[in-house]
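**Q**
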């Protein structure tokens, strides 16, 4: 039985795939299996996978019709034989000793999950000079994630090593046939994990126009599908952890932000879908005072939540900036979506900006 199962969902990433696979196969820690799930690629990705499968017995290739990353990861999980599981996106790569560092920490702490931060690179592999999360020097937790740290460690699926027994005992699976499936996964893992550890940054994330993380517009509606999945799982599992509230705040923050990124016609549809699910958020006014968020952000979310309850679409599209509970700045989108008006203290006109059309 291999110590680590590395699961790589693949969809039309032929340009980057060899670099990803080489980084996983050339690790200082070799007791691995690499499960690659081709999600109906239409480029040369599958041919590249087959070549690696013939070259190295650790590589296993599965194929499926296009069903998105969640379904591909679930297929990999079903056959994973390792003591630990790690997910790697097929356009990213790992430091040479990443698996050794992660596995050593997991074994020493008997951790359910080990988190690493992510270094950011452009599509040509050039450093962007910044990290997405950095856990250098962080101590682990033995009794679950503290509520005040939930957002600080809420990370993508990749950049974590999971104990396989923890995943299977909790019957954890991804939402399927939707983008942003890593949000419900991250919330559920964060709520259910007991022993959490950290290592320095060993995961390298490549940002490019085709990456899932960079996509918006119509795919934003999948946030609602992912939220529905989380709510079904929460109800089925009868989760009562205080961290459930943290997850609700995460989704509310996301709804608030994404609503204002859409073209006006799509905003109305997205807003309607949020309103129909407002009761599922199960938040009360007093919850916002205890939210593990900066005071200004908690106040902003409370205002957005109240406007949702009042069915006030135009106000929901506004962006308000608070300081110590005082409204300093408001960005208000005109009904036709043509311009954004910037108002000091929510009322004094500062300037107006034409909004660029969002390409679908």
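Residue numbers (the numbering used here): 1245 to 1604.
Glycine included, C-beta positions come from ideal geometry on N, C-alpha and C.
Once DSSP output is grouped into helix, strand and coil, what is the label at residue 1417?
**A** In the chain shown, the residue the question calls residue 1417 occupies position 173. Reduced to three states, the DSSP call for residue 1417 is coil.
**Q** So what does residue 1277 bridge to, in DSSP terms?
**A** One-based indexing of the chain shown puts residue 1277 at position 33. According to DSSP, residue 1277 bridges with 1249.
**Q** Check whether the Cβ atoms of residue 1521 and residue 1471 lie closer than 8 Å to each other.
**A** On the chain shown, position 277 is the one that residue 1521 refers to. On the chain shown, position 227 is the one that residue 1471 refers to. It is a contact, given that the beta carbons lie within the stated cut-off.
**Q** For residue 1260, which residues in the same chain have their Cβ closer than 6 Å to its Cβ, ignoring the five residues on either side in sequence?
**A** As a first step, residue 1260 is located in the chain shown; it is residue number 16 there, counting from the start. Contacts found: 1335.
**Q** Could I get the ranges of all uninterrupted alpha helix (DSSP H) runs contained in the region 1265 to 1333, with 4 residues as the minimum, in chain order?
**A** With a minimum length of 4 residues, the continuous alpha helix (DSSP H) runs that stay inside the region 1265 to 1333 are 1289 to 1299 and 1312 to 1323.
**Q** May I ask you to report which of helix, strand or coil DSSP gives residue 1379?
**A** On the chain shown, residue 1379 is found 135 positions in, with the first residue counted as 1. Coil.
**Q** Looking only at C-alpha atoms, which of 1526, 1427, 1345 and 1307 sits nearest to residue 1400?
**A** Taking the chain shown and counting its residues from 1, one reaches residue 1400 at position 156. For residue 1400, the nearest C-alpha among the options comes from 1427.
**Q** Could you name the residues of the same chain whose beta carbon sits closer than 6 Å to that of residue 1517, not counting the 5 residues immediately before and after it, in chain order?
**A** Along the chain shown, read from residue 1 onward, the residue named residue 1517 stands at position 273. Closer than 6 Å at Cβ, skipping near neighbours: 1468.
**Q** State the CB to CB distance for the pair residue 1310 and residue 1284, rounded to an integer number of angstroms; the pair is presumed to be in contact (CB under 8 Å).
**A** Here residue 1310 corresponds to residue number 66 of the chain shown, with the count starting at 1. Here residue 1284 corresponds to residue number 40 of the chain shown, with the count starting at 1. About 3 Å; that satisfies the 8 Å criterion.
**Q** Is residue 1519 closer than 8 Å to residue 1552 when the C-beta atoms are compared?
**A** Within the chain shown, numbered from 1, the residue matching residue 1552 stands at position 308. Within the chain shown, numbered from 1, the residue matching residue 1519 stands at position 275. In contact: residue 1552 and residue 1519 (Cβ atoms closer than 8 Å).
**Q** I need the boundaries of the alpha helix (DSSP H) containing residue 1523, first residue and last residue.
**A** Position 279 of the chain shown, counting from 1, holds the residue named residue 1523. Taken as a continuous stretch (DSSP letters only), the alpha helix (DSSP H) holding residue 1523 covers 1522 to 1525.
**Q** Mind checking who residue 1407 pairs with in its DSSP beta bridge?
**A** Your numbering for residue 1407 matches position 163 in the chain shown. Note: residue 1407 sits in a beta bridge opposite 1328.
**Q** So what's residue 1384 in DSSP terms, helix, strand or just coil?
**A** The count along the chain shown starts at 1 and reaches residue 1384 at position 140. Note: residue 1384 maps to coil in three-state DSSP.
**Q** From this set, 1403, 1288, 1273 and 1296, which residue's C-alpha is nearest residue 1279's C-alpha?
**A** Here residue 1279 corresponds to residue number 35 of the chain shown, with the count starting at 1. Minimum Cα distance to residue 1279 is reached at 1296.
**Q** Given this structure, state the Cα-to-Cα distance separating residue 1458 from residue 1412, to the nearest angstrom.
**A** Here residue 1458 is taken as the residue at index 214 of the chain shown, counted from 1. Here residue 1412 is taken as the residue at index 168 of the chain shown, counted from 1. A caution first: residue 1458 carries a pLDDT of 49, below 50, which makes its placement in the model too unreliable to give a value.
**Q** Return helix, strand or coil for residue 1364, following the three-state DSSP convention.
**A** For the purposes of this step, residue 1364 is taken as the residue at position 120 of the chain shown. The answer is strand: DSSP assigns residue 1364 an E or B state.
**Q** Tell me whether the beta-carbon of residue 1384 lies closer than 8 Å to the beta-carbon of residue 1442.
**A** Numbered from its first residue, the chain shown carries residue 1384 at position 140. Numbered from its first residue, the chain shown carries residue 1442 at position 198. Yes, they are a contact pair.
**Q** Would you mind listing the alpha helix (DSSP H) stretches within the region 1529 to 1554 that are 4+ residues and don't spill past its ends, in chain order?
**A** Taking only runs of at least 4 residues, the alpha helix (DSSP H) segments lying wholly in the region 1529 to 1554 are 1529 to 1533 and 1539 to 1553.
**Q** Can you give the Cα-Cα distance for residue 1337 and residue 1264, rounded to whole angstroms?
**A** Locating residue 1337 in the chain shown gives position 93, where the first residue counts as 1. Locating residue 1264 in the chain shown gives position 20, where the first residue counts as 1. Approximately 5 Å between the Cα atoms of the pair.
**Q** Three-state secondary structure (DSSP) at residue 1357?
**A** As a first step, residue 1357 must be located in the chain shown, where it is residue number 113. Of the three classes helix, strand and coil, the one that applies to residue 1357 here is strand, per DSSP.
**Q** At a cut-off of 7 Å, would you count residue 1414 as near the ligand GTP, judging by its Cβ distance to the nearest heavy atom?
**A** This structure simply doesn't include the ligand GTP, nor any ligand for that matter.
**Q** Under a Cβ-count criterion, where at least 16 other Cβ atoms within 10 Å of its own Cβ denotes burial, should residue 1538 be classed as buried or exposed?
**A** The residue you call residue 1538 lines up with position 294 of the chain shown. Exposed, since its Cβ has fewer than 16 Cβ neighbours within 10 Å.
**Q** Between which two residues does the alpha helix (DSSP H) carrying residue 1468 extend?
**A** For the purposes of this step, residue 1468 is identified with residue 224 of the chain shown, where counting begins at 1. 1466 to 1481 is the extent of the alpha helix (DSSP H) around residue 1468.
**Q** Let's see if you can read the secondary structure: which residues bound the beta strand (DSSP E) around residue 1448?
**A** Translated into positions along the chain shown, residue 1448 becomes position 204. 1440 to 1450 is the span of the beta strand (DSSP E), which, as asked, contains residue 1448.
**Q** Could you give the DSSP three-state label for residue 1458: helix, strand or coil?
**A** As a first step, residue 1458 must be located in the chain shown, where it is residue number 214. The pLDDT assigned to residue 1458 is 49, lower than 50, so where the model puts this residue is not dependable, and the model offers no usable value.
**Q** Excluding five sequence neighbours on each side, which residues of the same chain lie with their C-beta closer than 8 Å to the C-beta of residue 1430?
**A** One-based indexing of the chain shown puts residue 1430 at position 186. Only 1398, 1399, 1400 and 1401 meet the Cβ criterion.
**Q** Under the assumption that residue 1506 contacts residue 1499 (Cβ atoms under 8 Å), give the Cβ distance between them as a whole number of angstroms.
**A** Position 262 of the chain shown holds residue 1506. Position 255 of the chain shown holds residue 1499. In fact, because the Cβ distance is near 11 Å, the residues do not count as touching under 8 Å.
**Q** Within 10 angstroms of its Cβ, does residue 1308 collect 16 or more other Cβ (buried), or is it exposed?
**A** Locating residue 1308 in the chain shown gives position 64, counting from the first residue. Residue 1308 should be labelled exposed.
**Q** Just grab the DSSP bridge partners of residue 1337 for me.
**A** Counting from 1 along the chain shown, the entry for residue 1337 is found at position 93. Answer is 1448.
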